[in-house]
Ligand code: SF4
Ligand code: SF4
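Here you go:
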């Protein structure tokens, strides 16, 4: 099997195809601390891309409450159980990926979900960990915890959906790294559904072919961020292009957040797919849980995130979330503002680092009313 | 009943390589080891062959049956190391206009329903496209293309239903509030039908299709759809076995399998999928050698 370099693991790994990185790679950063599980992203994705026949069970974007929420049911605990206990510490991953632990006759570890597994996409919503004992009350730091995990296809650098397809119907676009299923070539074998550990490839029982998130490629081609990003109520997302760490540019907000500030981490990097959605981990969740989910660098990421207000460049990059529909290729912080530029280097957005504070008198003489602060 | 591959065959096949390692369709052509020559299938001339001949027709009783041993496909990944079908019986008749091949094999479960986690029973015949050629058994090679005629139980069930495929065929009790095509009309809603919109042959974009999916290939992993209607077929499940006919038109109007005519010889290879065990694609039982067929004069 060819060897490819996975920077998230800090080492080479086995992959069924020779590693060819795209010219540039679309990526997304999500700040889990800001997500309110309003599901606006889920609904806009659904109405944009999957309102057709046979797509009823498909949520290319979903938001699940962790630790008890899953879509499809139990997706991560099932693959984690197959994967077994793996050593996660250190800069170089010493465990096995899902390709390296492939059973005989398979390209990777995997399983096919049952139809019922898709039936309750909101299962576990807002369930928190631990039983409230009699007399317990909420106290800060509170003893119960949960958080929201929005998920889309990771447009992985080493997609296992692509690796598993026996018809080679899945391809990774060289121009932007978006992973697509050729709808003409697919024969509905569901090897991708079986082998995507994130369960973001789906089978359409009406068209008898498999489908997956298309990374809103018509928008990306037009220089725009994805639907789930631009609709996000919590402004938790940013879509852009990410570099490999050796080519990271400090003036690319994606690179700054992931490679320089190192506050956003891939989901289950130990699977070995080099996923391209990066999560700012929730600050209140017990470290062992986050460690398993986002890898060994979670503690440092949370520490740096908590100090973001003191790092103007980081603050500037974070404040560009939800500020424009256009993809920001370059940014700079200047004069108390963060300024974003598109691919033609034209300014597309300008956001103050700190909101101006205006103190108004309590009595509004014009309207003859008292002003009340409600927020 | 599950069947494991005999150890000898396993050793013979293990040397073959998998598909290429780039993410373009690979050109490498895995070659299983040669097998002993198989018995000859003789297609008897009868008064009437073709689609009118039901799979359980007595007309097949007088045609000699040839039993072909099937092995699990273990040359390329993914594979099921155990498969459920160990042999298939083939009989053939022709009437000068149609060559009808009747296949039957043991399968206790009928799998023809659509569903997210359901797979259908299928059987395929492979024939060389060039008269007299002996292509690589694994989907031919660049100089020796093949045609693969695959009868699909679920495809037949969908055609028999007589309606365009719908979600309720898979999940009759599913509640769906709105469908985009109902909102914007079927033409504007068509792109939301994905594979069907781009005429993927497995999607049954129209019902004027045969339950036999015709595909052509010139090497491993080059299988692609053929839109012409070149073969008919019908399957009947009798509770214990599938009886399936595949009807291939003879003569000039059959551009996919030219040269098939009374007195001609060709080759057949077989593959069977049992939906009950999630067999699909390369997870199948197959005959790793060609079986000769002769059409009686
Ligand atoms: S729209 Fe944003 S805030 Fe709302 S659920 Fe989606 S990711 Fe979370
Ligand atoms: S997340 Fe799954 S479907 Fe998306 S590219 Fe990775 S392996 Fe493929």
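Residue numbers (our numbering), protein chains in the order written: chain A, 1 to 375; chain B, 1 to 297. Think of the CB as a built atom: it goes at the ideal place given N, C-alpha and C, for glycine as much as any other residue. Quick caveat, the model's predicted, so the values are computed rather than measured.
Just to check my reading of the structure: residue 42 (chain B) and residue 255 (chain B) have Cβ atoms closer than 8 Å, yes? What is that Cβ distance to the nearest angstrom? About 25 Å separates the two Cβ atoms, so there is no contact after all.
Using a cut-off of 8 Å between C-beta atoms, extract the partners of residue 49 (chain B) located in chain A.
-> Within 8 Å Cβ-Cβ: nothing; residue 49 (chain B) doesn't reach chain A, min ~30 Å.
* Proximity of residue 13 (chain A) and residue 202 (chain A) at Cβ, strictly below 8 Å -> no
Worksheet entry | Cβ-based contacts, 8 Å cut-off: residues of the stretch 189–208 of chain B near chain A | 189, 192, 193, 194, 195, 196, 197, 198, 199, 200, 202, 203 and 204
* Asked: Nearest chain A C-beta to residue 166 (chain B) closer than 8 Å, yes or no?
  -> yes
Next on the checklist: Following a CB-centred definition, is residue 210 (chain A) positioned closer than 7 Å to any heavy atom of ligand 2?
Outcome noted: no
Determine the direct distance from the alpha carbon of residue 300 (chain A) to that of residue 269 (chain A), and round the result to whole angstroms. 16 Å
Touching by the beta-carbon criterion (3+ pairs, under 8 Å), the stretch 292–299 of chain A and the stretch 232–239 of chain A = no
Using the three-state DSSP reduction, which class does residue 331 (chain A) fall into: helix, strand or coil? strand
Spatial distance of residue 207 (chain B) from residue 155 (chain B) (CA atoms) | 10 Å
*Work out the CA separation of residue 221 (chain B) and residue 21 (chain B) for me, nearest whole Å.*
In this prediction, residue 21 (chain B) scores a pLDDT of 29, lower than 50, which makes its location untrustworthy; no coordinate-derived value is stated.
key: Where residue 289 (chain B) falls: helix, strand or coil (DSSP)   = coil
Check whether the Cβ of residue 187 (chain A) lies closer than 8 Å to any Cβ atom in chain B. yes
Report the option in B:240, B:219 and B:164 whose CA atom is closest to the CA atom of residue 204 (chain B). B:164
* **Partners in chain A for residue 282 (chain B), counting only beta-carbon separations shorter than 7 Å** => 166
Counting only Cβ-Cβ distances shorter than 7 Å, please list the residues of the stretch 111–135 of chain B near chain A, keeping chain order. 114, 115, 116 and 117
### Query
Within 8 Å (strictly less), CB to CB, does residue 3 (chain A) reach chain B?
no
Query raised in the report: Just the Cα atoms here: how many angstroms apart are residue 238 (chain B) and residue 258 (chain B)?
Result: 34 Å
**Message:** At the level of alpha carbons, what is the spacing between residue 142 (chain B) and residue 214 (chain B)?
**Reply:** 18 Å
Buried versus exposed call for residue 312 (chain B) [16 or more other C-beta atoms within 10 Å across all chains shown]: This structure gives no information on residue 312 (chain B), because the portion of chain B shown stretches from 1 to 297.
Exercise. Check residue 220 (chain B) in the structure and name its three-state DSSP category.
Key: coil
* Would you check if the distance between the CB atom of residue 128 (chain B) and the CB atom of residue 146 (chain B) is smaller than 8 Å? => yes
Next item on the list: Could you name the residues of the stretch 202–227 of chain A whose beta carbon sits closer than 7 Å to any beta carbon of chain B, in the order they occur along the chain?
Entry: 203, 204, 205, 206, 207, 208, 209 and 211
Point to revise | One or two residues paired with residue 363 (chain A) in a DSSP bridge | key: A:370
Q. With residue 7 (chain A) and residue 244 (chain A) assumed to form a contact (beta carbons below 8 Å), what rounded beta-carbon distance in angstroms separates them?
A. 6 Å
- Under 7 Å, CB to nearest heavy atom of ligand 1: contacting residues: A:30, A:34, A:35, A:36, A:37, A:38, A:39, A:40, A:41, A:42, A:63, A:148, A:150, A:228, A:231, A:232, A:233, A:234, A:236 and A:237
ask   = Which residues in the same chain as residue 336 (chain A) place their Cβ atom closer than 8 Å to its Cβ, once the five residues preceding and following it in sequence are excluded?
value = 352, 353 and 354
inquiry  = Assess contact between the stretch 306–320 of chain A and the stretch 108–125 of chain A, defined as three or more Cβ pairs (one per stretch) separated by less than 8 Å. Is contact present?
reply    = no
- Could you spell out where the beta strand (DSSP E) holding residue 5 (chain A) opens and where it closes? 3–6
Expected contact under 8 Å - CB spacing of residue 267 (chain B) and residue 249 (chain B) to nearest Å: About 18 Å; that fails the 8 Å criterion.
Q.
Taking the beta strand (DSSP E) that residue 273 (chain B) belongs to, which residues open and close that run?
A. 265–273
With the cut-off set at 8 Å, would you say residue 366 (chain A) and residue 175 (chain A) are in Cβ contact?
no
Check distances from the C-beta atoms of the stretch 44–58 of chain A to those of chain B and list, in chain order, the residues that come in under 7 Å.
51, 52, 53, 54, 56 and 57
Using a C-beta cutoff of 8 Å, does residue 234 (chain A) count as contacting chain B? no
(request) Answer yes or no: the CB of residue 304 (chain A) versus the heavy atoms of ligand 2, is any distance below 7 Å? (result) no
Return the bridge partner residues of residue 14 (chain A) from the DSSP annotation. A:3
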